[in-house]
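Take 194 as the starting number for the sequence shown in my numbering and just add one per residue.
Contents: one structure, followed by commentary.
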Amino acid sequence: MLDVANRLKSTAVLAWIAGGAVATLLVAATMVLAPREAAATAAYGQQTGMACGQCHVNPAGGGKLTTFGMNWQAKGHQLPRK
């Protein structure tokens, strides 16, 4: 009888560990796959030589776009050819 009780305890512990692992994987997958707001990066400034305020109302970048920024976005982030 004691052997059966020990096996049941082992099974319960394994089920608890497996449940925790599944929950951890679900949380991790949600964090990775959750939709995020698109954001420009300083890389655009480095590539174009323009300040963030060229495209953004806020001179530090991010948020609402200026007319230039909206046009640039609409044209697929391509600079006008000279």
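Even glycine gets a Cβ: it sits at the ideal position worked out from N, Cα and C.
- TYR237 and TRP209 have their alpha carbons spaced roughly 48 Å apart.
- Contact check for CYS248 and THR259: beta-carbon distance about 6 Å, within the 8 Å limit, so the pair qualifies.
- With contacts defined by Cβ atoms closer than 8 Å, THR223 and LEU272 do not form a contacting pair.
- Here the alpha carbon of VAL250 sits roughly 19 Å from the alpha carbon of GLN239.
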